[in-house]
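Novice:
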Amino acid sequence: MVGKGIAERNVEGMMLLEFCDEKELCVVNMWFRKAEKRKVTFSAGGNEIEIDFMLVGRKNRKYLRDEKTIAGELQHRLVVADLDKKKDKKCVRKGMVERRKAWKLKEEETRARFEGR
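For the sequence shown, our numbering gives the first residue as 2, with consecutive numbering after it.
If you want it as structure tokens, here you go:
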């Protein structure tokens, strides 16, 4: 995911990417292509930077639908990810298992047939 951030990488950013690579995590902010204004999570004094990141594990990566920032405070923006997690596995019925009908042994005819085997 090279080149999808706002500014050039610093040491902390490289450490974050190494951590994600080691733990098989995905940086959601870099997963989707967005306009520069949509990536900004902190702005102050004319500087706009991306300081907040959301990480998702390898198994949940397929559920990602969108990532966005929501302006709320004057300086900080909230990072939100949309996940679409539906049940992947469908319930499969197994073949019918024949039950033992022990109560039928109370009938004389059935009991005699069973003992004759």
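Backbone N, C-alpha and C fix where the C-beta goes; we use that ideal spot for every residue, glycine too.
Enumerate in chain order the residues of its own chain whose CB-to-CB distance from Leu-84 is below 6 angstroms, with the five nearest sequence positions on each side excluded.
Specialist: Position 83 of the sequence shown, counted from the start, is the residue given in the question as residue 84. If we look at Leu-84 and ignore the five residues flanking it on each side, its Cβ neighbours are Tyr-64.
Novice: The beta strand (DSSP E) with Gly-58 in it runs from where to where?
Specialist: Residue 58 sits at position 57 when you count from the first residue of the sequence shown. 56 to 58 is the span of the beta strand (DSSP E), which, as asked, contains Gly-58.
Novice: Helix or strand or just coil, what does DSSP make of Val-12?
Specialist: By 1-based counting over the sequence shown, the position of residue 12 is 11. DSSP places Val-12 in helix when its eight states are reduced to three.
Novice: Alpha carbon to alpha carbon, how far is Val-93 from Lys-105? Give it in angstroms, no decimals.
Specialist: Translated into positions along the sequence shown, residue 105 becomes position 104. Translated into positions along the sequence shown, residue 93 becomes position 92. Looking at the two C-alpha atoms, the distance is approximately 31 angstroms.
Novice: Per DSSP, which one or two residues make a beta bridge with Lys-35?
Specialist: By 1-based counting over the sequence shown, the position of residue 35 is 34. Per DSSP, none; premise fails for Lys-35.
Novice: With distances taken between CB atoms, is the gap from Arg-59 to Leu-17 smaller than 9 angstroms?
Specialist: Against the sequence shown, residue 59 aligns to sequence position 58. Against the sequence shown, residue 17 aligns to sequence position 16. Their beta carbons are not under 9 angstroms apart, which means Arg-59 does not touch Leu-17 by this criterion.
Novice: Give every residue of the same chain whose Cβ lies closer than 6 angstroms to the Cβ of Phe-33, excluding the five residues on either side of it in the sequence, and list them in chain order.
Specialist: Here residue 33 corresponds to residue number 32 of the sequence shown, with the count starting at 1. Contacts found: Glu-68.
Novice: Straight-line CA distance for Leu-75 to Lys-24?
Specialist: By 1-based counting over the sequence shown, the position of residue 75 is 74. By 1-based counting over the sequence shown, the position of residue 24 is 23. Cα to Cα, Leu-75 sits roughly 34 angstroms from Lys-24.
Novice: If you reduce the DSSP assignment to three classes, tell me which class Arg-118 lands in.
Specialist: As a first step, residue 118 is located in the sequence shown; it is residue number 117 there, counting from the start. Of the three classes helix, strand and coil, the one that applies to Arg-118 here is coil, per DSSP.
Novice: Which residue comes first and which comes last in the beta strand (DSSP E) that contains Ile-50?
Specialist: Indexing the sequence shown from 1 puts residue 50 at position 49. Residues 48 to 50.
Novice: Would you kindly work out how many angstroms separate the C-alpha atoms of Asp-22 and Asn-61, rounded to a whole number?
Specialist: As a working mapping, residue 22 is identified with position 21 in the sequence shown. As a working mapping, residue 61 is identified with position 60 in the sequence shown. Going by the C-alpha atoms only, they are around 15 angstroms apart.
Novice: How would you label Asn-30, buried or exposed, when you count the other beta carbons within 10 angstroms and need 16 or more for buried?
Specialist: Numbered from 1 along the sequence shown, position 29 holds the residue referred to as residue 30. With 16 or more Cβ atoms within 10 Å of its Cβ, Asn-30 is classed as buried.
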